[in-house]
Amino acid sequence: MGLINNLIGNATEVSISDLAKEFEHILFPGERIEDAYRLFRDKWIFTTHRLIIEDIQGITGKKREYHTIPYRSITHFLIETNGTLDTDCVMKIWINGSTEPYIQEFSRKTNIKDIQRKLAFHMLSTDN
0 MGLINNLIGN
10 ATEVSISDLA
20 KEFEHILFPG
30 ERIEDAYRLF
40 RDKWIFTTHR
50 LIIEDIQGIT
60 GKKREYHTIP
70 YRSITHFLIE
80 TNGTLDTDCV
90 MKIWINGSTE
100 PYIQEFSRKT
110 NIKDIQRKLA
120 FHMLSTDN
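The sequence shown lines up with residues 0 to 127 when you count with numbering that gives the first Met the number 0.
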């Protein structure tokens with residue numbers, strides 16, 4: 000089902016332990032990955048302090064772009080849960096200085112409400 004979700008554009012959950020080694024050079028001491036989702040080769044990584052969007056480019060996939068969005072720069076977000084006939088959930092995130100949101104579709108198996116809860120916690124926490 001993961002391949003089918005990727006083909007129709009829905010991100011699927013990735014094992015955090017699989018990403019720990021891959022992202023150790025990006026994470027700072029004490030930062031850890033909380034959730035991760037993959038869409039083909041690209042990833043959305045939710046850490047304790049930020050959202051990292053990895054955009055893998057080119058035929059070989061050796062060129063990578065890492066976009067960091069600190070939770071404190073997110074002005075608002077929305078989620079759309081799946082319905083009876085919907086095959087996906089949607090998240091839109093707006094950041095300071097940008098009029099267009101980042102949009103990601105997730106598979107219907109994704110607990111989008113849990114992502115919303117974690118994102119809200121990080122946005123509204125005074126520790127971030």
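We put the beta carbon where it would ideally sit given N, CA and C, even for glycine.
Which residues in the same chain have their Cβ closer than 7 Å to the Cβ of residue i, if we skip the five residues on either side of it in sequence?
| i | result |
| --- | --- |
| Q115 | I78 |
| I94 | I68, S72, I73, T74 |
| N81 | D87, C88, R107 |
| R49 | T67, I68, P69, Y70 |
So is residue i in contact with chain C if we call contact Cβ pairs under 8 Å?
| i | result |
| --- | --- |
| F27 | You won't find chain C in this structure, because it holds only one protein chain. |
For residue i, which residues from the same chain have a beta carbon less than 8 Å from its beta carbon, with the 5 sequence-adjacent residues on both sides left out?
| i | result |
| --- | --- |
| L2 | Below a pLDDT of 50, predicted positions are generally treated as unreliable, and L2, at 42, falls in that range; no measurement from the model is reported. |
| L18 | I32, A35, K42, I44 |
List the endpoints of the continuous alpha helix (DSSP H) containing residue i.
| i | result |
| --- | --- |
| F120 | 111-123 |
| I15 | 15-19 |
How would you write the range of the beta strand (DSSP E) that residue i sits in, first residue to last?
| i | result |
| --- | --- |
| S106 | 101-106 |
| Y70 | Note, Y70: premise wrong, no beta strand (DSSP E); not H, not E. |
| I94 | 87-94 |
Look at the Cβ atom of residue i, then the Cβ atom of residue j, and state whether they are nearer than 8 Å.
| i | j | result |
| --- | --- | --- |
| R37 | G60 | no |
| I92 | F76 | yes |
| Y65 | I25 | yes |
Leaving out five residues on either side along the sequence, give the residues of the same chain with a beta carbon under 6 Å from the beta carbon of residue i.
| i | result |
| --- | --- |
| P100 | K91, I92, W93 |
(message) Check whether the segment 114-124 and the segment 64-83 touch, using three or more Cβ-Cβ pairs below 8 Å as the test.
(response) Judged by pairs of C-beta atoms under 8 Å, the segment 114-124 touches the segment 64-83, as three or more such pairs exist.
(message) With a threshold of 8 Å, are at least 3 pairs of Cβ atoms found where one atom belongs to the segment 53-60 and the other to the segment 108-115?
(response) By the Cβ criterion, the segment 53-60 is not in contact with the segment 108-115, since fewer than three pairs of Cβ atoms, one from each stretch, lie closer than 8 Å.
(request) Identify every run of the beta strand (DSSP E) within the segment 28-82, keeping only runs that are complete inside it and at least 3 residues long; order them along the chain. (result) The qualifying runs are 32-38, 41-46, 49-56, 62-69, 73-79.
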